[in-house]
Amino acid sequence: MSDAVLNPAQQALLEQIRTPAGAPRFFKPGFVAELRSDMEAQLAPLATALTEIDADGVAASRDQLFLSKSLIERVLGCESKFLADDAIPFEWSIPIAKGTLAHRAIELIATSERVRPPLELIDEAMARMQAEGTGLGGWLALASAETLAEIRGATNNLVLSFCETWPPLKRRWMPAVEFPLRAEFCGGTIVCGGKPDITLGTAHGHEARKVIVDLKTGARRAEHRLDLRFYALLDTFRVGTPPRLLVSYYLDQGQLESELVTEALLEATVDRVVDAAHRVVDLRRERRAPSTAPGTHCRWCPLNASCPDAADLSRSDSD
């Protein structure tokens with residue numbers, strides 16, 4: 136499909152994520168190696184704390200710490216809620232399922248030879264996941280017909296919005312959906328991982344060209360940019376050249392927020408991840424008492440009924 140037949144929303148998005156002509160972005164030589172070395176050094180004390188040494192001075196056992204974008208966000212928010220959520224086993228729900236299913240359907244959009252209706256893509260994605268029988272697929276296989284219908288409807292809204300507001304994903308853009316990113320530190324004792332919703336393009340030598348996209352709905356939050364910065368850091372360590380642009384795309388608004396990747400942005404992200412890692416270890420090993428940070432998240436906190444800060448927030452909201 137040529138640009139001439141794109142609707143205004145698609146055209147606007149394309150213009151905002153394109154690499155500007157004559158404006159290549161490069162990072163100074165050695166920057167990525169220095170960045171990784173700095174992160175390793177800051178995480179080294181934690182790796183030691185996670186390793187049990189026997190009487191002969193040999194590492195007898197090692198706990199691995201895995202950091203995801205959601206864990207980082209949670210522990211840097213309210214620490215008391217973080218620990219309370221830690222104690223609750225994960226369960227699939229319709230809101231979580233629709234997002235995961237939508238990503239699988241969008242992956243089919245990126246790889247299909249022809250344009251297909253959203254519901255057809257959703258049904259195929261759902262059938263494939265049910266056949267796998269694990270994770271969401273296992274949950275879907277046991278869900279009632281009413282639940283499946285509700286999930287299909289909610290997912291259709293997301294996928295249809297994507298089709299309406301995004302230009303077709305051309306192969307020359309090298310699109311990838313939920314591409315797994317992973318970075319290991321301190322001999323694999325500390326691992327960072329995640330899957331950005333969409334990546335477009337790839338580095339050209341030392342020139343930054345890649346665009347990383349997270350698809351969102353609802354209100355814009357500062358954490359959305361921080362999630363993307365985490366992905367940018369992981370991709371930087373994987374490729375050796377940072378991505379060029381980070382995009383939060385709001386499907387229900389047809390709008391995006393973007394920022395260019397800079398050295399300062401990546402350095403700040405290292406500090407944020409290291410801070411989160413230290414907090415996780417301190418809290419899970421009961422080295423100190425957790426702090427509280429009241430906010431809108433109090434509504435969904437397991438401690439809502441007993442936390443005095445949540446009660447104070449509720450009273451102030453009602454005044």
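Counting in our numbering, the sequence shown runs from 136 upward without gaps. The beta-carbon is built from N, C-alpha and C at its ideal position, and this holds for glycine as well. Since this is a predicted model, take the numbers as computed values, not measurements.
Apply the 10 Å Cβ neighbour rule to residue i and answer buried if 16 or more other Cβ atoms are within range, or exposed otherwise.
i, result
"A168", "exposed"
"G336", "buried"
"H359", "buried"
"S383", "buried"
"A367", "buried"
"F161", "exposed"
"F201", "exposed"
"D198", "exposed"
"R431", "Note that residue 431 is Thr in the sequence shown here, rather than Arg. Its Cβ having fewer than 16 others within 10 Å, T431 is exposed."
"P164", "exposed"
"V210", "buried"
"I231", "exposed"
Using a Cβ-Cβ cut-off of 8 Å (strictly less than) and excluding sequence neighbours within five positions of residue i, which residues of its own chain qualify?
i, result
"A184", "V416, R420"
"A179", "C321"
"D387", "S296, T352, G353"
"V405", "L170, D173, M174, Q177, L368"
Looking at the secondary structure, which residues open and close the alpha helix (DSSP H) in which residue i lies?
i, result
"G96", "Look at the range of the chain in this structure, 136 to 454, and you will see that residue 96 is not part of it."
"A458", "Since the first and last residues shown for the chain are 136 and 454, residue 458 lies out of range."
"I241", "229-246"
"L211", "That residue, L211, is in no alpha helix (DSSP H); it is neither H nor E in DSSP."
"Q151", "143-152"
"E421", "Note, E421: premise wrong, no alpha helix (DSSP H); not H, not E."
"E226", "Neither: E226 is in no alpha helix (DSSP H) and is coded neither H nor E."
"S426", "Counting along the chain, S426 falls outside any alpha helix (DSSP H), and DSSP gives it neither H nor E."
"N292", "280-300"
"P253", "253-267"
"H359", "357-374"
Closest to residue i by CA distance: which of the options is it?
i, options, result
"K345", "A399, P310, R355, G323", "P310"
"A411", "P315, A176, I207", "I207"
"P437", "L277, P164, T290, I223", "I223"
"L293", "T397, I152, L350", "L350"
"K233", "F365, Q151, L271, V210", "L271"
"Q265", "L254, A278, E255", "A278"
"E281", "R356, I229, R423", "I229"
"G340", "P331, R251, F314, G375", "G375"
"L236", "R197, L283, K305", "L283"
"P377", "L391, G268, E402", "E402"
"A144", "P429, P164, V408, Y385", "Y385"
"T397", "K204, L181, R307, T371", "T371"
"V326", "F225, I231, A182", "A182"
"F166", "L400, R423, T246, T269", "L400"
"L148", "R356, A428, L304, E319", "L304"
"N142", "W435, R373, C298", "C298"
Taking the DSSP output, what are the residues bridged to residue i?
i, result
"A311", "T334"
"V326", "F201, E319"
"R160", "A343"
"D349", "S383"
"L391", "Y384"
Please go through the same chain and pick out, in chain order, the residues whose beta-carbon is closer than 7 Å to the beta-carbon of residue i, but skip the five residues on each side of it.
i, result
"V140", "none"
"T154", "R344, R379"
"E259", "L243"
"H238", "V312, E313, D332"
"K204", "G329, D362, F365"
"V409", "M174, Q177, L178"
Who are the Cβ neighbours of residue i in its own chain at under 6 Å, not counting the five residues just before and after it?
i, result
"G157", "none"
"R317", "G328"
"A289", "K233"
"P425", "E214, S215, L218, L418"
"A240", "L256, I257, A260, V294"
"E394", "L381"
"P315", "K330"
"I286", "I229, A232, K233"
"D454", "Any reading at D454 is ruled out, since the residue's pLDDT is 48, under 50, leaving its predicted position unreliable."
Determine whether the Cβ of residue i lies closer than 8 Å to any Cβ atom of chain B.
i, result
"G329", "Protein chain content of the structure displayed is limited to a single chain, and chain B is not contained in it."
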